[in-house]
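A short write-up of the structure that comes next.
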Amino acid sequence: MPGPSPGGSPERETEAGGRPRGPGRDRRVRFRLPHTAITVPSVREEERLFYRRLEALAVPGPGGFGPLFASDGWSDLTEDRLLRKRVVRAGPGGPRPLPGQEVSVKVLGALEDGGLVERDPRLIFVPGHGDVVQVSPNRCAAQCRAGSAPPRAPTRQPRRARPQALELGVPTMQPGEVSFFLAAFPYAYGRPGREPDVPPEAPLLFEVTLLEVRDGPDPQPLPPAVRLRLGSQRRERGNFHFARGDFAAALRSYRLSLLALDGPAAAPPGPEEEEELREQRVKCLNNCAAAELKLGRAEEALAACEAALRISPDNGRALLRRGQLLAEQGRDAEAALVLKRALELDPANKVIHTELSRLAKRQSPPSSTGPQNPRHDPEPPPGPASPPPPSAEGAI
104 MPGPSPGGSP
114 ERETEAGGRP
124 RGPGRDRRVR
134 FRLPHTAITV
144 PSVREEERLF
154 YRRLEALAVP
164 GPGGFGPLFA
174 SDGWSDLTED
184 RLLRKRVVRA
194 GPGGPRPLPG
204 QEVSVKVLGA
214 LEDGGLVERD
224 PRLIFVPGHG
234 DVVQVSPNRC
244 AAQCRAGSAP
254 PRAPTRQPRR
264 ARPQALELGV
274 PTMQPGEVSF
284 FLAAFPYAYG
294 RPGREPDVPP
304 EAPLLFEVTL
314 LEVRDGPDPQ
324 PLPPAVRLRL
334 GSQRRERGNF
344 HFARGDFAAA
354 LRSYRLSLLA
364 LDGPAAAPPG
374 PEEEEELREQ
384 RVKCLNNCAA
394 AELKLGRAEE
404 ALAACEAALR
414 ISPDNGRALL
424 RRGQLLAEQG
434 RDAEAALVLK
444 RALELDPANK
454 VIHTELSRLA
464 KRQSPPSSTG
474 PQNPRHDPEP
484 PPGPASPPPP
494 SAEGAI
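In terms of this note's numbering, the sequence shown opens at residue 104 and continues consecutively.
Spelled out as structure tokens, the structure:
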């Protein structure tokens, strides 16, 4: 019986007498597959190239990243100049990621001493959503060796939120572009850092390659625990924006949090999970109301308060803010009822006492010294944002 062909492809088996078996008895068939090889840079080669680029920037060194924050050749992505971008290699062209689109990026990140603390060969996320997924390095390498692109819809495993530098920086890139992002600690891993490899208040330098941009995935049914985790991540990102005065971005994050909490479920939640989902929805709606007020949209803020109260009728924060908004609209009788209910729940709350006192003054008859317009009291009523900012609640 003949052995394998020179190319390594098997030949068809033959019967005694040399006649081939099977339907093709009168001919011999050989299967020859073309030999293909795809060159994939090794991890070590990529890291060596990364460090050569760092050396070209004169880092790492005794001065750390400090001189880079004041040097030329960088563009500032934030007004505080704590997140900067430098294009290493421009892409061949193409549209930048649009809101809601999904991106795939390759990321390397180093500390001031040159220590590599971030290495993601293929990070997949939707900028602004505050959650990311990753194709495992082994799986990605195997697919590259096989000559096939990674799947468009890999199995998604929620992870902790990535640095704000990626959320803000990647939307400024074009497909194929390689850029540095220099991030002070507020845009890296924050004041606490990331144990065990990122120290507190550590700036980072990221090298990011934008691999692909595509339309965002359809919402997938998620287990209750994952919905809770995504909702919390997105709400905390909204609090991050709120604390910095970017109220439009905060509102987007709070709405995304609600989408996660209200999204399709892979399994019905248990009693404890259902209660936690309700609590998180109320927090998000209260935070939406605060952000709407900061944007000057009182009607939308009132609608958010009422949505929160439909879920939790005795939520003190929503009752107080709704009472303030109703009072500002001149609906004093409704406001008084809402505020009295809030006072029953929290008798020691000084803000509620103050609001009720202002309503009582407005409803009292004018004094004999002359008419007064109740809507133009010398001491104007407080704005609806008098309660503590939602960032305090979001940190709970």
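Cβ atoms here follow ideal geometry from the backbone N, Cα and C, with glycine treated the same way.
- The DSSP-derived three-state label of P224 is strand.
- Residue state for A421 is assigned as helix, using DSSP reduced to three classes.
- Annotation for V454: the continuous alpha helix (DSSP H) segment containing it runs K453 to Q466.
- For S282, the enclosing beta strand (DSSP E) starts and ends at V281 to A286.
- Around the C-beta of G169, fewer than 16 other C-beta atoms lie within 10 Å, and the residue is accordingly described as exposed.
- Ranking K397, R384 and I455 by CA distance to the CA of G419 puts I455 first.
- Note on the region 324-367: whole alpha helix (DSSP H) runs with a minimum of 4 residues are 327-346 and 350-365, in chain order.
- Here A268 has L186, F284, A286, Y290, A291, L307 and F309 as same chain residues with Cβ atoms under 8 Å from its own Cβ, once five neighbours each way along the sequence are excluded.
- The distance from the Cβ of V316 to that of P278 is about 6 Å, consistent with a contact at the 8 Å cut-off.
- Counting other Cβ atoms within 10 Å of its Cβ, P416 stays below 16 and is therefore classed as exposed.
- Under a 10 Å Cβ-count criterion, K386 is classified as buried, with 16 or more other Cβ atoms of the shown protein chains found around its own Cβ.
- Judged by beta-carbon spacing, L422 lies within the 8 Å limit of R444, meaning their Cβ atoms are closer than that value.
- Taking C-beta separations shorter than 6 Å and ignoring five residues to either side along the sequence, E382 has no partners in its chain.
- Shortest Cα-Cα distance from G348 to any of L396, V191 and R192 involves L396.
- Check the Cα spacing between A353 and each of N390, L380 and L362: the tightest is with N390.
- In the DSSP assignment, R192 falls within the unbroken beta strand (DSSP E) covering L186 to R192.
- With fewer than 16 other Cβ atoms from the protein chains shown falling within 10 Å of its own Cβ, G218 counts as exposed.
- Comparing alpha-carbon positions, the option among K464, P303, L412 and Q336 lying closest to L214 turns out to be P303.
- T312 is bridged by DSSP to K209 and V281.
- For D179, the three-state secondary structure derived from DSSP is strand.
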